[in-house]
Structures are given as C-alpha cells and as structure tokens.
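What follows is one structure encoded as structure tokens, with my remarks underneath.
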Amino acid sequence: MTAAVPVRAVAAADVAAVEALVAEAAAEDGTGPLSEDGALRLRALAPAEVVPGELAAGVVHLVSTAHGAPGTVTGYVQVDTSAPGDASGELVVSPRHRRGGAGRALLGAARAAAGGPLRLWAHGDLPPARALAAAAGLRRVRELSRMARPLGAGAQLPPAEPPAGTALRTFRPGADDAAWLALNAAAFAHHPEQGRWSTADLLARQREPWFDPAGFFLAEADGALVGFHWTKVEPGSRTGEVYVLGVAPGRAGRGLGRVLAVAGLRHLAARGCAEVDLYVDGDNAAAVRLYSGLGFARAALDVQYRSGD
Ligand SMILES: CC(C)(COP(=O)(O)OP(=O)(O)OC[C@H]1O[C@@H](n2cnc3c(N)ncnc32)[C@H](O)[C@@H]1OP(=O)(O)O)[C@@H](O)C(=O)NCCC(=O)NCCS
C-alpha cells in the first residue's frame, strides 16, 4: 500500500507556488479552482500583502507535498472555519500530480480542520470533482450558475426609470461604506457568503485595481440606501460583471432590481464591454428570472458539495 500523501500548513513562502498551481489548474480545467474570496485570502498570506488586522481569522490553509520533498507543493485546500458548525472551502490539486491521492489527503485534512460539516465548492462541475465527491461520500447541495449575455455597441437595453421618490447615484468610498454594508447584510441575510461581508471585505475590494466607484450604483429613497448594483471590469478585459446586485427587503418586488441592473448594463456598454456575466444561486428563482428577462443565459455551473452529516 502506498503511504498517505503528506499535508502541512501553508507557509508565506509557499504562496507564489500555490498561485502558480492555481493558474496551471485553471488553464487545464478551463475554469479557476478558487473563488475571488478564496484568491484574495490566499494572496493576503504573502508577506508583502499583509495588512495588520485584515487577515481573515479562522481560515485554515493547507498544502499537500511530494513524498520526501516537503518544499514541493502538489495541492492546496483552504477552509473557512469562522462560522461555527458551517465550515466551507475550496480544494485543488496540480494537474501534474492528480490521481496520486493528494485530493483525498487534502480533503481528509480539511474535514479534520472543519471538525464538523464541511461545504466544498467545485467550479465548473467537472468529472474529477464529481468522482472525488462520490468516492468520499459528499452530497451535492447547491448550484451556482454563471449567466452571460453579449453587450457591444448595438446592444438593445430596455429603458428603466427609477420608481417615484427613488434616485440613483454612484458610491462614495468611505462615506457610504457603513450604510452599504448594512444594506448588503439585509439584502443577503440568507446568503451564506455575501451576507457576512465585513468592513475588511469591502476595503479589500476597494484596493483592487478594478475597483471603480463610477460603476457602483446606489438607489436612495427618503435619505436611505434601498438598493445597489456594483459592476466590475478587470483592467484590460472586455467582459463586464454584474458583481453584486441587491435591493432592501422592504423594497423588493417593485422593479428596482431591474432598474439597477439596466443602469449597470448601460455603464458597462458605454465602457466598451462586449459581454457581461454574473453568478447567481440556482435556487434564486427571482434573480434568475430577472436576468433571463434581460437576455442572460446560463454559461457554466459551479457545484457545492457537503460532507460530515
Ligand atoms: C478533484 C481533484 C481535487 C482530485 O484530486 P486528485 O489528487 O487527483 O484526487 P485523488 O488522487 O486523491 O483521488 C481520490 C479519488 O477520487 C476519485 N477521482 C479523482 N479524480 C478522478 C478522475 N479524474 N476520474 C475518476 N475518478 C477520480 C477516485 O475515486 C480516486 O480514488 P482512486 O484513485 O483510489 O480511484 C482534482 O482533479 C482537481 O484539483 N480538480 C480541479 C479543482 C476541483 O474541482 N476542486 C473541487 C474538489 S471537490
């Protein structure tokens, strides 16, 4: 019998090797193995990136290594244990080291770190992830769709007027931070990731090269924020993203989401984006209907597996 693949805690000096492995896996699989959140948390471990007080507490980072060569990283898993009883993570093995037991070893270590149920994202719904999940007895519990539509110069976008008493403006970094975080938490109260965003999560995005307040729309009524549409365009990219769109629970169902969506799409078209995409939970029927009505169609699927119960 072959010995179990060694797994150890990540060191700051491993970050570059893990990022290279993540890029190699993305090229091989046609989809990146980490979410934006996961990639930001990984990068925050690199010595030059550490901002005191902003390292996510309770996030465990582990690597698998080659037998007899602890410096050679073959795989990586990240587990967020900050919410008691609801650990979640992402796992990737280098394409050059697959089918050697690294995935199984990392999954075992991640389950031990979780100490209870563990949710794992598999991006792209690929056969190796399905096979590993089946072999390890994980259940498929959630789906996230990537939806996309063409944009371009001739794109037809419906007119959209805010409801009476509601005005649109753009985000002011600093001044709007606290009110936006409160609105985001209310709009995504039932969302396991988005609804938990902290000041540190917001500031990390504001420091990203893509951050542009001119593409971050707010709806205001009676002096309070009631909705938002934050768009995102990576520098040099012609694909825009509906990054986060939310409406205050008391204002839902009155067409404000559609108005905000269209305002963002117009902005992305004016910036020259040829395509726009977004991620939406498969069971969020209202959002899927809104986006389908605006010409979006499903382009890819991410799957969440769950273990431990
Ligand atoms: C999924 C992934 C992590 C598997 O890593 P791995 O190191 O190749 O997996 P292991 O060698 O530990 O395989 C463990 C078991 O999973 C199953 N398995 C894994 N890959 C498989 C494949 N390509 N075909 C069939 N079965 C597979 C097998 O049952 C295997 O046991 P066996 O080798 O005794 O038959 C790797 O393919 C990967 O990084 N994929 C991209 C990222 C991803 O999808 N992550 C989400 C994981 S839930």
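Everything in the sequence shown is counted per the UniProt record's numbering, starting at 1 for the first residue and increasing by one. Even glycine gets a Cβ: it sits at the ideal position worked out from N, Cα and C.
Arg104 CB to nearest heavy atom of ligand 1 below 7 Å
yes
Which whole-angstrom value is the C-beta distance of Pro6 and Pro95, which I expect to be below 8 Å?
About 19 Å; that fails the 8 Å criterion.
Integer Cβ distance of Glu87 from Gly108, believed to fall under 8 Å:
Correcting the residue identity first, residue 87 is Ala in this sequence and not Glu. Not really, about 14 Å apart at Cβ, beyond 8 Å.
Quick check on the DSSP output: what are the complete beta strand (DSSP E) runs of length 3 or more inside the segment 221 to 274, in order along the chain?
224 to 233 and 239 to 247
Kindly confirm or deny that the segment 268 to 281 and the segment 132 to 147 touch, where touching means at least three C-beta pairs closer than 8 Å.
yes
Name the two residues that bound the continuous alpha helix (DSSP H) containing Ser82.
Run containing Ser82: none; DSSP gives neither H nor E here.
Output yes or no for whether 8 Å exceeds the beta carbon distance between Asp177 and Leu218.
no
If you reduce the DSSP assignment to three classes, tell me which class Val5 lands in.
coil
Taking the straight line between their C-alpha atoms, what separation do you get for Ala27 and Gln304?
21 Å
What's the call for Pro52, buried or exposed, on a 16-neighbour Cβ count within 10 Å?
With a pLDDT of 49 at Pro52, under the threshold of 50, the modelled position of this residue cannot be trusted; read the value that follows with caution. Exposed, by the Cβ-count rule.
Once DSSP output is grouped into helix, strand and coil, what is the label at Thr31?
coil
Ends of the alpha helix (DSSP H) at Ser292?
Ala285 to Gly293
May I ask which residues mark the beginning and end of the beta strand (DSSP E) holding Gln156?
That residue, Gln156, is in no beta strand (DSSP E); it is neither H nor E in DSSP.
With a threshold of 8 Å on Cβ separation, who are the neighbours of Arg169 within its own chain once the five nearest residues in sequence on each side are excluded?
Phe217, Leu218 and Glu220
Are there any heavy atoms of ligand 1 lying less than 7 Å away from the beta-carbon of Pro163, as far as the coordinates show?
no
Grouping DSSP H, G and I as helix and E and B as strand, with all else coil, what is Ala20?
helix
Could you check how far apart the C-beta atoms of Gly246 and Leu290 are, in whole angstroms? I think they sit under 8 Å.
With a Cβ gap of about 12 Å, Gly246 and Leu290 do not count as contacting.
Ordered along the chain, which non-local residues of its own chain (more than five positions away) have a Cβ less than 8 Å from that of Gly124?
Asp29, Gly30, Thr31, Ala300, Leu301 and Asp302
Determine the contact status of Leu120 and Leu91, defining contact as a CB-CB distance below 8 Å.
yes
Cβ neighbour criterion (16 or more within 10 Å) applied to Glu241:
buried
If you measure between the beta carbons of Ala248 and Ala186, is that distance less than 8 Å?
yes
Just to confirm my understanding: we take His267, look at its own chain, exclude 5 residues before and 5 after, and list those with CB closer than 7 Å. What are they?
Gly215 and Thr231
Are the CB atoms of Asp37 and Val73 within a distance shorter than 8 Å?
no
Given this structure, state the Cα-to-Cα distance separating Ala11 from Gly293, to the nearest angstrom.
47 Å
By a C-beta neighbour count over all protein chains shown, 10 Å radius and 16 as the cutoff for buried, is Gln78 buried or exposed?
buried
How close, in whole Å, do the beta carbons of Pro82 and Ala57 come, if the pair is a contact with beta carbons under 8 Å?
For the sequence presented, residue 82 should be read as Ser rather than Pro. With 8 Å as the limit, Ser82 and Ala57 qualify as a contact, their Cβ atoms being about 6 Å apart.
Presumed contact (8 Å Cβ cut-off) between Val259 and Pro192, rounded CB distance:
With 8 Å as the limit, Val259 and Pro192 do not qualify as a contact, their Cβ atoms being about 27 Å apart.
Residue ranges of each beta strand (DSSP E) within the segment 84 to 169, 3 or longer
87 to 93, 118 to 123 and 139 to 150
Span separating the alpha-carbon of Ala263 from that of Arg104:
46 Å
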